[in-house]
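Each protein sequence line maps, in turn, to chains A and B. Here numbering that gives the first Met the number 0 is used: the first residue of the first sequence is 0, the next is one more, and so on. Here numbering that gives the first Met the number 0 is used: the first residue of the second sequence is 0, the next is one more, and so on. Worksheet: one structure, shown below.
Number of protein chains: 2
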Amino acid sequence: METRELRYFVAVAEELHFGRAAQRLGIAQPPLSRAIRQLERRLGAALLDRTSRTVTLTEAGSVLLTEGRAALDAVEAAERRTRRAALPPAGRPGLVLVTKASASRELLAELLDAYAAEPGAAAVEVLLCGPAEQERLLREGRADVALLHRPYDSTAGFHTEELGTEGQVVVLPAGHPLTVRPHVHMADITGLPGLPLPRWPAPDGSYPPGPGPQVRDHAQLLQLVALGRACAVSPESCRDRLHGDLAAVPVLDAPKVTTVIAWPPHSRSRAVADLVRTATRLR
Amino acid sequence: METRELRYFVAVAEELHFGRAAQRLGIAQPPLSRAIRQLERRLGAALLDRTSRTVTLTEAGSVLLTEGRAALDAVEAAERRTRRAALPPAGRPGLVLVTKASASRELLAELLDAYAAEPGAAAVEVLLCGPAEQERLLREGRADVALLHRPYDSTAGFHTEELGTEGQVVVLPAGHPLTVRPHVHMADITGLPGLPLPRWPAPDGSYPPGPGPQVRDHAQLLQLVALGRACAVSPESCRDRLHGDLAAVPVLDAPKVTTVIAWPPHSRSRAVADLVRTATRLR
DNA sequence: GGGCATCGATACCCTCCAGGTATCGATCCG
DNA sequence: CGGATCGATACCTGGAGGGTATCGATGCCC
């Protein structure tokens, strides 16, 4: 199976429409139809049920969609990492680390300092991204190593080492009645009048239905809290970055957040290994 | 990047010889040279240093070798799982489970029975393999789920659930002086005169140097122990399968062995999810 | 119910590139 | 120095991939 065929199939399977898929791929519709049919012949499997009005995935087709996406990610990662390895060493990032823009700032600073002090340390480029994007960036080869936060992020398919665990706090507008309490429970903060918990986007970018404002990142979220439009449950390390308009109260029964360092399991890079070793020593 | 190009590059990188690689790929040498050169142009990266006598990998080349192998595995897995999903449902294995031929027989039997009793259970094909082969079979899509044994097997890149932990025993020829002891320590059994620990093959099939007989599977190993040519440290559950010529003594300080069930992280199969759920309930 | 719009399949043509053969040039060895 | 080895180059050919034009089936709407 060639990656071209996979790309074509994934496009059709996602659009469920040959015309749109062809447009997205920048080719005409007939060659696309032919390519899919040929793929089906070679696999000996019907991938799509087509009537002249609708296209639907068969069981085999939906298997190929998920497996094919994973395979295309792997090919893309191979290409990207190779390209980077070939850049002139001067100034090239030896290592790209990705983490959520809003988390683990203390830990990250410590880690970067400690690693930079190692003999033979590579230049580390830090990539900051929105929530739940780290996984994709790591899978696609845009990054070599990530700081993830369980249970928010899944560590699916990576090697990981735990770096630390912390409780969570609820972030509230300064002056809110609850801020005088030494601690609260989840039951105290779900359904606070006028302060709903926000909604985060799903991996596909869509928002789940329900009350609560839609947010894309932590800064947005804190802004909304300061405006008295939402409250938020966050790892307690975020307290360092709260300004005067905001207050935080520990939530006793919120799930603990574990920060882990994650990297692709087949990584052979010495720089990644060194960074991970440094990280585990920090604890 | 097309999988054809990747396959070509991996062949050359493994052989470090264009002629042999071309032969292995079933094509002539000139098109292979051209394909590699074109790949290098497109990536903007030198992958191989060639003189007219020797071929060596550049740094970028060795990155592409490991990343490319992973990508090719993913493509192969996609193809294989799709093909299987398209087989006529009658008699088709809904699920392929792989485990070492020698381990977890009790647990496996329990698991299969419990899963078969579930409503909507798929037919499970059990694949038995040599040590350390499960990973490859899972990555290549020949299996959907595996029983692995930490720390012997790496769980690199899979989702896992722990199923149980057990201590280890040393397996000795019946009548050996140590067999009267209620337990021993590792120090008691390393360097036993005439009973060296065996050598297992590395992932590439080669054996590490050193004393001790070379073994490929557990049956071979037990045979050698019975013949008085080796001793073996194994999970204690293997005691059930020891016949009269063999005796087992607990090793107090041997690492505990954890049996885990593992599956590819992007798996969307209901059958895999059901099986895993059944397995975690068994504990 | 008939005309129309939509959408995938088919027919046909053309271009480009993967693959083959022949040969060259460089390097190592005896 | 001559021969063997090995990758690169030159050149040719066939087929696969892509494009345009068009067909045939299906759902929709007046």
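All residues carry an ideal CB built from backbone N, CA and C; glycine is no exception. In this text, all values refer to a predicted model and were calculated from it rather than measured experimentally.
Taking residue 246(B) and residue 171(B) to be in contact with their CB atoms under 8 Å, please state how far apart those CB atoms are, rounded to whole angstroms.
-> That pair is a contact at about 5 Å.
Among 18(B), 225(B), 166(B) and 121(B), which residue has its Cα nearest to the Cα of residue 242(B)?
-> Among 18(B), 225(B), 166(B) and 121(B), the Cα nearest to that of residue 242(B) is on 225(B).
Exposure of residue 217(B), with buried meaning 16 or more beta-carbon neighbours within 10 Å | Of the other Cβ atoms in all chains shown, 16 or more fall within 10 Å of the Cβ of residue 217(B); this residue is therefore buried.
Would a C-beta distance cut-off of 7 Å place residue 271(B) and residue 143(B) closer than the cut-off?
-> Against a cut-off of 7 Å, the Cβ pair of residue 143(B) and residue 271(B) comes out as a contact.
Partner residues on chain B for residue 279(A), Cβ-Cβ distance less than 7 Å = By Cβ distance, chain B contributes nothing, its closest Cβ being about 17 Å from residue 279(A), past 7 Å.
Quick one: which residues of the stretch 53-78 of chain A get their C-beta closer than 7 Å to a C-beta of chain B? List them in chain order.
-> Near chain B, meaning a CB-to-CB distance below 7 Å, the residues of the stretch 53-78 of chain A are 58, 59, 62, 63, 65, 66, 67, 69, 70, 73, 74, 76, 77 and 78.
Backbone secondary structure at residue 188(A) - three-state DSSP = Note: residue 188(A) maps to helix in three-state DSSP.
Mind pulling the chain B residues with CB within less than 8 Å of residue 1(A)?
-> Contacts between residue 1(A) and chain B, judged by CB atoms closer than 8 Å, involve 1, 2 and 3 in chain order.
Could you check which residue in 132(B), 137(B) and 177(B) has the C-alpha nearest to that of residue 159(B)?
-> Taking only the C-alpha atoms, the option nearest residue 159(B) is 137(B).
Shortest alpha-carbon distance to residue 93(B) belongs to which of 99(B), 100(B) and 82(B)?
-> Measuring from the Cα of residue 93(B), the nearest candidate turns out to be 82(B).
Please look up how many angstroms separate the CB atoms of residue 148(B) and residue 251(B), rounded, as I've assumed it's under 8 Å.
-> Their Cβ separation, rounded to whole angstroms, is 19 Å, which puts residue 148(B) and residue 251(B) out of contact at 8 Å.
Residues from the stretch 37-51 of chain B in contact with chain A, defined by Cβ distance under 8 Å | Within the stretch 37-51 of chain B, the residues whose Cβ lies closer than 8 Å to any Cβ of chain A are, in chain order, 42, 43, 44, 45 and 46.
What is the residue span of the beta strand (DSSP E) that residue 169(A) lies within?
-> For residue 169(A), the uninterrupted beta strand (DSSP E) run begins and ends at 167-172, by DSSP.
Taking residue 217(A) as part of the alpha helix (DSSP H), name the residues at either end of that continuous run.
-> Where residue 217(A) is concerned, the enclosing alpha helix (DSSP H) stretches over 217-225.
Drop a sphere of 10 angstroms on the beta-carbon of residue 25(A), count the other beta-carbons inside from all chains shown, and report buried for 16 or more, exposed for fewer.
-> Counting the other CB atoms within 10 Å of its CB gives residue 25(A) a total below 16, which places it among the exposed residues.
Compare the C-beta of residue 159(A) against all C-beta atoms of chain B and say whether one is closer than 7 Å.
-> Answer no: the Cβ-Cβ gap between residue 159(A) and chain B never drops below 7 Å.
From 208(A), 206(A), 234(A) and 240(A), pick the residue whose C-alpha is nearest to that of residue 222(A); which is it?
-> Answer by Cα proximity: 240(A).
Can at least three beta-carbon pairs, one atom from the stretch 42-50 of chain B and one from the stretch 111-119 of chain B, be found at a separation below 8 Å?
-> In short, these stretches do not touch, since the Cβ pair count stays below three.
Within 10 angstroms of its Cβ, does residue 80(B) collect 16 or more other Cβ (buried), or is it exposed?
-> Flag for residue 80(B) reads buried.
Would you report the Cα separation of residue 188(B) and residue 267(B), rounded to the nearest angstrom?
-> Rounded to whole angstroms, residue 188(B) to residue 267(B) spans 46 Å at the Cα level.
Chain A contacts from the stretch 80-104 of chain B (Cβ-Cβ distance under 7 Å) = The stretch 80-104 of chain B vs chain A, Cβ under 7 Å: 80, 81, 82, 84 and 85.
Which stretch, first to last residue, makes up the beta strand (DSSP E) that contains residue 123(A)?
-> First-last of the beta strand (DSSP E) with residue 123(A): 123-128.
In the DSSP assignment, find the unbroken alpha helix (DSSP H) run with residue 35(B) in it and report its ends.
-> First-last of the alpha helix (DSSP H) with residue 35(B): 28-42.
Tell me, which residues are paired with residue 2(A) by DSSP?
-> Answer is none; residue 2(A) lacks a bridge partner.
Between residue 254(A) and residue 262(B), what straight-line distance do the alpha-carbon atoms span, to the nearest angstrom?
-> Spanning the two alpha carbons is a distance of roughly 26 Å.
Determine the burial state of residue 152(B): buried for a count of at least 16 other Cβ atoms within 10 Å of its Cβ, exposed for fewer.
-> Under this definition residue 152(B) is a buried residue.
Buried or exposed for residue 205(B), please, with buried defined as at least 16 other CB atoms from any protein chain shown within 10 angstroms of its CB.
-> An exposed status is given to residue 205(B), since fewer than 16 other beta-carbon atoms sit within 10 Å of its beta-carbon.
Straight-line Cα distance separating residue 260(A) from residue 278(A) | One C-alpha to the other measures close to 8 Å.
For the alpha helix (DSSP H) containing residue 59(A), list its first residue and its last residue.
-> Residues 58-85.
Could you confirm whether any beta carbon from chain B is found closer than 7 Å to the beta carbon of residue 135(A)?
-> False, the Cβ-Cβ gap to chain B never drops below 7 Å.
Find the residues of chain B that neighbour residue 16(A), judging by a C-beta separation of less than 8 Å, and give them in chain order.
-> Residues of chain B passing the Cβ test: none, with the nearest at roughly 21 Å.
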